[in-house]
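Counting along the sequence shown from 1, when you hit position 113 you're at 759 in our numbering, and nothing is skipped either side. Even glycine gets a Cβ: it sits at the ideal position worked out from N, Cα and C. Please read all numbers here as calculations on a predicted model, not as lab measurements. Right, one structure below, let's go through it.
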Amino acid sequence: MYSIPDEVKKEYKLLATVFDKVTNSVLEDNQLTRIYSKFNLYEIEPFYAELSNQVIDLNQELFFTSETDFNPETDDLYEYHINMETRKVYFKRLILGPETSYETVYEYNEDYYKSSTTFINSEGRKAIKLCYLYHNEGIAHWYYECTDYGLIHKSYHTEGDKLTGYQLKTADTNYSASVDFIYEEDQLTKIIQNNASGSKLLLYVANLQNENKADILTKLEDYLTEQIADQVLKNVHIDEPVYCLLLEYSMQHPFPPTVALGLVSELEDDFEQVEIWQRYNAPDMHYFSEDNSLKVDLYSETIQSAYLFTDKYTEDISWNDEDQHEAWEKEVFQVYLNVCKRLLHFDFSACFPKSPHFLVMAREFEQCNEEDFYKQLSAYKKNNEI
């Protein structure tokens, strides 16, 4: 019996071996025009830019018109082969070096569109993604995407000719969720994922770039302080002495943090004999929000747009702009420092006994900046006689 998911999986396994043949036939088409951009301007998946938080400001120049438009130090370089009459993209290449690129071939049929993406370098070619978008009366109906991580299926909902959302399913893990597209005056303003658990995840908010960064960071500081305090006070009841409440984050996605509680009994030696980096490492702690052993949920709907803002701000910093990266890291550090200072003033005595060395701490787990936090927070605790 024919099964679309099974056939897509089989085709994906062969993608790297047949890709050159398909690509060559497309590149030999003399009707295609080659143009260049620093943006990823096209995928067959509906609302791909919104779903990846990569919406492009259409007021800026989208294409390079001369070599001087391209800055190799800061810009990505996409090559497109387009049929200018039909305005369809047939080939896309993200050029990473002389022999290194991501390449995508697009096919257009009456009932479906198809895109095949591979990565190539001096060592050979590797399959990355195979996608099919099926239509019903010209409107998106089914979307399949196969990668090394498995296959996902989206079944779209419509009202007239407008997409109103989709049902998401994964073939290998049986995960499912419904996603809603929210419009105001025919303009997409929000994309919300409704999980089976009843929680909601905000995937997109229009015009976030117009928000004020300082206001967003203040909102995050207040929210994290209040929610962590409230949820620890409500949910935590531990008889053992606790030496830290730890917030751990990553600059790749600065907010929200994971939260952990460090038990004195978990330390392998006397407190003073344990290195700082060993004391403050959330995955080593039994009570850890990522493992659900500590019930702290920082994903309420009211704050998720702020998370999207900071993720987008992080992604938009050029990889080689060290000054802007450093400035942003300092701003995020200050937010967490302020949250920790405020949490130090809460009375958690009803939740757990504090050890004499108790401290509210934070760390970026890739930079390992716990010593910077420790120096400032231990001094703050001492100076305020907490």
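Same chain, Cβ closer than 6 Å to residue i, five either side skipped, listed in chain order
{"i": "Phe765", "result": "Tyr748, Lys772, Ile774"}
{"i": "Ile884", "result": "Phe998"}
{"i": "Tyr790", "result": "Val654, Tyr778, His799"}
{"i": "Ser1033", "result": "The first residue shown for the chain is 647 and the last is 1032, placing residue 1033 beyond what the model contains."}
{"i": "Lys1033", "result": "Since the first residue of the chain shown is 647 and the last is 1032, residue 1033 is not available in this structure."}
{"i": "Glu753", "result": "Lys760"}
{"i": "Asp666", "result": "none"}
{"i": "Thr793", "result": "Lys775"}
Continuous alpha helix (DSSP H) stretch holding residue i: start and end
{"i": "Val851", "result": "Unbroken run through Val851 is the beta strand (DSSP E), 846-851; no alpha helix (DSSP H)."}
{"i": "Cys986", "result": "968-990"}
{"i": "Gln1022", "result": "1016-1029"}
{"i": "Pro657", "result": "Before going further, note that residue 657 is Glu rather than Pro in the sequence given. Segment 650-673, the alpha helix (DSSP H) holding Glu657."}
{"i": "Leu697", "result": "694-697"}
{"i": "Val878", "result": "859-881"}
Limits of the beta strand (DSSP E) - the one that residue i falls within
{"i": "His727", "result": "724-729"}
{"i": "Trp788", "result": "785-793"}
{"i": "Ala773", "result": "770-782"}
{"i": "Asp826", "result": "822-830"}
{"i": "Ile681", "result": "678-683"}
Among the options, the one whose alpha carbon lies nearest that of residue i
{"i": "Glu713", "options": "Ser683, Leu740, Asn966", "result": "Ser683"}
{"i": "Ile741", "options": "Asp818, Lys734, Tyr752, Tyr726", "result": "Tyr726"}
{"i": "Leu866", "options": "Thr956, Asn853, Trp965", "result": "Thr956"}
{"i": "His932", "options": "Gly908, Glu918, Ser951, Gln924", "result": "Gly908"}
{"i": "Cys890", "options": "Trp965, Val981, Phe994, Tyr869", "result": "Phe994"}
{"i": "Val985", "options": "Ser1001, Leu879, Thr871", "result": "Thr871"}
{"i": "Ser964", "options": "Leu660, Glu719, Tyr724", "result": "Glu719"}
Near the ligand ATP: residue i beta-carbon under 6 Å from a heavy atom
{"i": "Glu756", "result": "With respect to the ligand ATP, the structure offers nothing, as it holds no ligand at all."}
Test item: CB-CB of residue i and residue j under 7 Å
{"i": "Phe901", "j": "Tyr953", "result": "yes"}
{"i": "Glu745", "j": "Ser762", "result": "no"}
{"i": "Glu1016", "j": "Arg1009", "result": "yes"}
{"i": "Leu990", "j": "Ile1032", "result": "yes"}
{"i": "Ile630", "j": "Tyr829", "result": "Residue 630 lies beyond the residue range present for the chain, which begins at 647 and ends at 1032; the question has no answer from this structure."}
{"i": "Thr679", "j": "Met730", "result": "yes"}
{"i": "Tyr802", "j": "Ala786", "result": "yes"}
{"i": "Tyr736", "j": "Val672", "result": "yes"}
Neighbourhood of residue i by C-beta distance below 7 Å, restricted to the same chain and skipping five residues each side
{"i": "Glu975", "result": "Met897"}
{"i": "Phe1011", "result": "Glu894, Ser896"}
Same chain, Cβ closer than 8 Å to residue i, five either side skipped, listed in chain order
{"i": "Thr819", "result": "Gly796"}
Contact between the region 752-765 and the region 705-714 is defined here as three or more beta-carbon pairs at a separation below 8 Å; is this criterion met? In this structure the region 752-765 does not touch the region 705-714; the number of beta carbon pairs closer than 8 Å is below three.
Three CB pairs or more closer than 8 Å across the region 924-944 and the region 968-978: The region 924-944 is not in contact with the region 968-978.
Should the region 1013-1029 be called in touch with the region 906-914, which here means at least 3 C-beta pairs below 8 Å? With a cut-off of 8 Å, the region 906-914 and the region 1013-1029 do not count as touching, because too few Cβ pairs lie within range.
Is the region 943-958 touching the region 843-854, taking contact as three or more C-beta pairs under 8 Å? The region 943-958 is in contact with the region 843-854.
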